[in-house]
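Chains C and W supply the protein sequences, listed in that same order. In terms of our numbering, the first sequence opens at residue 995 and continues consecutively. In terms of our numbering, the second sequence opens at residue 995 and continues consecutively.
Protein chains: 2
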Amino acid sequence: MSNINAVIITIGDELLIGQTIDTNSAWIAQRLNELGIDVVRRVAVGDERLAIINALDEESQRASLIIITGGLGPTSDDITKPLLCEYFGGTLVRDERVLAHLYELFKRRNRPVIERNLKQADVPDNCTVLFNEMGTAPGMWFEKNGKVYVSLPGVPFEMKHIMQHEVLPRLKHHTSDALVHRSIVTAGEGESFIAEKLVGFEEKLPAHIKLAYLPDSGFVKLRLTGRSQHPDMLVAELEQLQSELAGILGPIVIAHEDIPMEVLLSRTLLEKKQTIGLAESCTGGFIGHTVTQVPGASAYFMGSIVSYDNAVKQHVLGVPATTLTEQGAVSEATVIAMAQGARRVLNTDYALSVSGVLGPDGGTDRVKVGTVWMAVASATEVRTKEFRFFYDRERNKEMAVKNAILFLWKFINGKLSA
Amino acid sequence: MSNINAVIITIGDELLIGQTIDTNSAWIAQRLNELGIDVVRRVAVGDERLAIINALDEESQRASLIIITGGLGPTSDDITKPLLCEYFGGTLVRDERVLAHLYELFKRRNRPVIERNLKQADVPDNCTVLFNEMGTAPGMWFEKNGKVYVSLPGVPFEMKHIMQHEVLPRLKHHTSDALVHRSIVTAGEGESFIAEKLVGFEEKLPAHIKLAYLPDSGFVKLRLTGRSQHPDMLVAELEQLQSELAGILGPIVIAHEDIPMEVLLSRTLLEKKQTIGLAESCTGGFIGHTVTQVPGASAYFMGSIVSYDNAVKQHVLGVPATTLTEQGAVSEATVIAMAQGARRVLNTDYALSVSGVLGPDGGTDRVKVGTVWMAVASATEVRTKEFRFFYDRERNKEMAVKNAILFLWKFINGKLSA
Chain C
995 MSNINAVIIT IGDELLIGQT IDTNSAWIAQ RLNELGIDVV RRVAVGDERL AIINALDEES
1055 QRASLIIITG GLGPTSDDIT KPLLCEYFGG TLVRDERVLA HLYELFKRRN RPVIERNLKQ
1115 ADVPDNCTVL FNEMGTAPGM WFEKNGKVYV SLPGVPFEMK HIMQHEVLPR LKHHTSDALV
1175 HRSIVTAGEG ESFIAEKLVG FEEKLPAHIK LAYLPDSGFV KLRLTGRSQH PDMLVAELEQ
1235 LQSELAGILG PIVIAHEDIP MEVLLSRTLL EKKQTIGLAE SCTGGFIGHT VTQVPGASAY
1295 FMGSIVSYDN AVKQHVLGVP ATTLTEQGAV SEATVIAMAQ GARRVLNTDY ALSVSGVLGP
1355 DGGTDRVKVG TVWMAVASAT EVRTKEFRFF YDRERNKEMA VKNAILFLWK FINGKLSA
Chain W
995 MSNINAVIIT IGDELLIGQT IDTNSAWIAQ RLNELGIDVV RRVAVGDERL AIINALDEES
1055 QRASLIIITG GLGPTSDDIT KPLLCEYFGG TLVRDERVLA HLYELFKRRN RPVIERNLKQ
1115 ADVPDNCTVL FNEMGTAPGM WFEKNGKVYV SLPGVPFEMK HIMQHEVLPR LKHHTSDALV
1175 HRSIVTAGEG ESFIAEKLVG FEEKLPAHIK LAYLPDSGFV KLRLTGRSQH PDMLVAELEQ
1235 LQSELAGILG PIVIAHEDIP MEVLLSRTLL EKKQTIGLAE SCTGGFIGHT VTQVPGASAY
1295 FMGSIVSYDN AVKQHVLGVP ATTLTEQGAV SEATVIAMAQ GARRVLNTDY ALSVSGVLGP
1355 DGGTDRVKVG TVWMAVASAT EVRTKEFRFF YDRERNKEMA VKNAILFLWK FINGKLSA
């Protein structure tokens, strides 16, 4: 194979009725991209014989690699394995390694093995079995007419493990052109404002390099993508363009790579050997959760006082009762007292506080739904900011969390305008 | 139209390179299902002329409703609007209502309107404009050869708003057969154990009713789906089968509807008029975040002490220093002291505590990666439980959160076995 195109087929009624969000396809696409493999389409079909066969027939016309996930469970709605076996003209045979692993897994979980489970050790005799360390359903690798078909379980962590240990190493031998991405993350301006600044830049972009705009909760990521048989030259070319981009956009650039805000914050804190604490109200713990998604966060994150109720703001953080009654829980005075209280209680270099009304209810004439106050405190300084978000509860919460981490990061890096 | 089938086409390079997870399709599918419209396929293609045209040509053969999302932004990689206009043989004209709204939006955000934005007010003259209250890109409704094509922006909250206010009301006039779901949520047993118990039940299921297994982090949802022109009879039939299912599965059933654990907990607490508090360590605030996803959580959720660092466990929650040094932060003694401390500090009826090692690092001989201890305390009782999760950091955290909320809910409802 050369210049491989891939198609991802996901199988399962749960995808078509919307009971499950497909996170597998995005993850698979990222991994394939890293190998220079382009995903040209993604298709989702139900647990239905004809729909699966049609998808296999049609999509194999468009690509030389077909990645299939889902439909491999032990229950009767999972029909993919026997169907693939038949589609490629094979017979099911029991695999001893898979069987032994299955007994081991059930033993570890103290469950009896039943006939239904034993069937999971049956594999087509015309495929390469992709051993599933994390679960009971093995993956399968078929080849036919120069095309590769890979079938994987739909459970994300099982799929990922098989991809990493069995599929990607095999695919490395098949790829040629490299696909390279370079990104920039901006904060504080909209997509069209940025696009306007980049008109000249876009006009002179060479044909083999594409620029994409990816707006997300007040941030806009810009991604340059190039394809070439000479990856070293391409990388140099992309990095040149990337720094041009950064030069044009100036102060709104916060990162020169596609990186989440919490990882950026982590780097700053590890480098400065400083610590943070939080006082969260409306975000309910989401900021702490986001900060601790980064392995090693314990080096700088001491904790969070989630003071959802005013009594907790008062008694744990020490917000004066008069501030709460006179200024209200969602006010500049309250977030200042919360941040200073959190810094004292958690004994950290910095503390960030957030209090707001996310909706759908809880708004008043004075404090409208979507209003969120934030403060950051150090030993010598406090800064505050008021936000107003116009979306639903879930999205307002997300916006508050991302902007709060950005606010803290800017404070620590001296990037807040005076 | 009768017995409508639908196809969802999502447009955007960000979907194919995996930079964005498609949450729109699942949401759209759920809403269509509620109207009795079956989604038969989902297809994702890039921002590429030929790929989009092929998808439109092919998918309109399979369904009479084609929902398209994405590709409507103000930047040059968004090519969907002019393409659709041409595909259906129209011309772009400026829409005065959309234009006025656009000026209003930019004014609210204190941004100047530039030429690029004005183009967002251009719409095909052969479509019904679907007004976008939440953003600048309007949706479009085309009809051709008895098929309906709906184009919506890819930004989730904009898409949802247009679906709810413009698309679904129009679709209601087109549907006939009702599609009805009834679900049961179980906890504590695996998919194959349950399937084994349901062999007899599945054999006698009528042809127009399907049973699906949806495993998720230690829970298994069972979904019965039926289709009929007589929805009242179908509902009665499904509810009869649902209670049969519940009877067969007995104590592992925790809900008779498809409902998240945090909503179940919310109902219990509102009914009992009781309050909860949390002491989180490894979950970093994720439990508090999950609990506060439910609107109105302030009635029963007082707060969470996220004691990531041992100093916070000791000084805020009052875990004795000797317990931390002798038993360790991840131990039964520590979670008991954390829960009792949180109950006291937050002044609640119940407190739940969690401490564990999620990985990838931090394991020891005594406390292996994946070990999570939990405790629940009331005024008179403390119960503890040790878990061991075998996945990656992110999934271990998710499992810990879901199981923690289940543990608390069982405790409050007297459902923990002695």
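Quick reminder that beta carbons are idealized off the backbone N, C-alpha and C, glycines included.
Can you tell me whether W:K1141 is helix, strand or coil according to DSSP?
Correct three-state label for W:K1141: strand.
By how many angstroms is the C-alpha of W:G1064 removed from the C-alpha of W:A1057?
Roughly 20 Å separates the two Cα atoms.
May I ask you to list the residues that DSSP assigns as paired with W:Y1207?
Note: W:Y1207 sits in a beta bridge opposite W:L1216.
Determine the closest residue to W:R1035 out of C:T1277, C:D1032, C:V1039 and C:H1283, with distance taken between C-alpha atoms.
Closest option to W:R1035, Cα to Cα, is C:V1039.
Does any C-beta atom of chain W lie closer than 8 Å to the C-beta of C:H1283?
Yes, its Cβ sits closer than 8 Å to a Cβ of chain W.
Is there a C-beta anywhere in chain W that falls below 8 Å from the one on C:A1206?
At least one chain W Cβ lies under 8 Å of C:A1206.
Reducing DSSP to helix, strand and coil, say where W:T1317 ends up.
Helix at W:T1317.
Among all the DSSP beta bridges, which residues are the ones paired with W:W1021?
DSSP lists no partner for W:W1021.
Step through the CB atoms of chain W and report whether any lies within less than 8 Å of the CB of C:D1226.
By this cut-off, C:D1226 is not an interface position.
Would a C-beta distance cut-off of 8 Å place C:L1402 and C:V1370 closer than the cut-off?
Contact: yes.
What's the C-alpha gap between W:T1074 and W:V1123?
Their backbone Cα atoms lie some 15 Å apart in a straight line.
For a cutoff of 8 Å on Cβ pairs, would you count C:M1255 as touching chain W?
By this cut-off, C:M1255 is not an interface position.
In whole angstroms, give me the CA-to-CA distance for C:A1273 and C:V1300.
The straight-line gap from Cα to Cα measures roughly 6 Å.
In this structure, how does DSSP classify C:N987 when only helix, strand and coil are distinguished?
Past the boundaries of the shown model lies residue 987 of chain C; chain C is included only from 995 to 1412, so the question cannot be answered.
Would a check of beta-carbon distances place W:R1043 closer than 8 Å to chain B?
As a matter of chain content, chain B is missing from the structure shown, whose protein chains are C and W.
Please tell me whether C:R1217 and C:L1208 are closer than 8 Å, where the distance is taken between their beta carbons.
In this structure, C:L1208 lies closer than 8 Å to C:R1217 by Cβ.
Report the partner residues of C:K1379 according to the DSSP bridge assignment.
BP columns for C:K1379 point to C:M1368.
Using the Cα positions of W:T1284 and C:I1188, report the straight-line distance between them to the nearest angstrom.
The straight-line gap from Cα to Cα measures roughly 35 Å.
Let's test the definition: count the other Cβ atoms within 10 Å of the Cβ of C:I1242 and tell me whether it reaches 16, buried, or not, exposed.
So C:I1242 counts as exposed.
Since C:E1388 meets chain W, which of its residues come closer than 8 Å, beta carbon to beta carbon?
What C:E1388 touches in chain W: Q1287.
Using 8 Å as the Cβ pair cut-off and three pairs as the minimum, do the region 1146-1162 of chain W and the region 1007-1023 of chain W touch?
Enough Cβ pairs lie closer than 8 Å, so yes.
Can you list, in chain order, the residues of its chain whose CB lies under 7 Å from that of W:L1239, leaving out five sequence neighbours each side?
Same-chain partners within the cutoff: I1178, F1195 and L1216.
Got a sec, what are the start and stop residues for the alpha helix (DSSP H) C:G1290 sits in?
Run containing C:G1290: none; DSSP gives neither H nor E here.
Terminal residues of the continuous beta strand (DSSP E) containing W:V1351?
Counting along the chain, W:V1351 falls outside any beta strand (DSSP E), and DSSP gives it neither H nor E.
Between the beta-carbon of W:I1399 and the beta-carbon of W:I1246, is there less than 8 Å?
Not in contact: W:I1399 and W:I1246 (Cβ atoms no closer than 8 Å).
For the region 1048-1075 of chain C, which residues have a CB atom closer than 7 Å to at least one CB atom of chain W, in sequence order?
Residues passing the 7 Å Cβ filter: G1067, P1068, T1069, S1070 and D1071.
For C:I1175, does the three-state DSSP call read helix, strand or coil?
At residue 1175 of chain C the sequence reads His, which differs from the Ile that was named. In the structure shown, C:H1175 sits in a strand (DSSP, three-state: E or B).
Which residue comes first and which comes last in the alpha helix (DSSP H) that contains C:M1255?
It spans M1255 to K1266 - the alpha helix (DSSP H) in which C:M1255 sits, taken as one unbroken run.
Once DSSP output is grouped into helix, strand and coil, what is the label at W:Y1344?
Residue state, collapsed to three classes: strand.
Excluding sequence positions up to five away, which residues of its chain have a Cβ less than 6 Å from the Cβ of C:G1357?
Within the same chain, C:G1357 has close Cβ partners V1351 and V1363.
Among C:F1381, C:A1315, C:I1203 and C:D1386, which residue has its Cα nearest to the Cα of C:E1233?
Of C:F1381, C:A1315, C:I1203 and C:D1386, the residue nearest in Cα terms is C:I1203.
Since W:T1014 meets chain C, which of its residues come closer than 8 Å, beta carbon to beta carbon?
Within chain C, the residues near W:T1014 are A1020 and L1208.
What residues from chain W crowd round C:E1196, counting only those whose CB sits closer than 8 Å?
Residues of chain W passing the Cβ test: S1070.
Leaving aside the five residues before and after C:M995 along the sequence, list all residues of the same chain whose C-beta is less than 6 Å from its C-beta, in chain order.
With a pLDDT of 37 at C:M995, under the threshold of 50, the predicted position of this residue should be treated as unreliable, though the coordinate-derived value follows. The answer, listed in chain order, is S1058 and H1168.
Measuring only the C-alpha atoms, how far is C:S1411 from C:F1213?
Near 18 Å, if we compare the C-alpha coordinates of C:F1213 and C:S1411.
Are the CB atoms of W:S1186 and C:I1108 nearer to each other than 8 Å?
Result yes, Cβ atoms of W:S1186 and C:I1108 sit closer than 8 Å.
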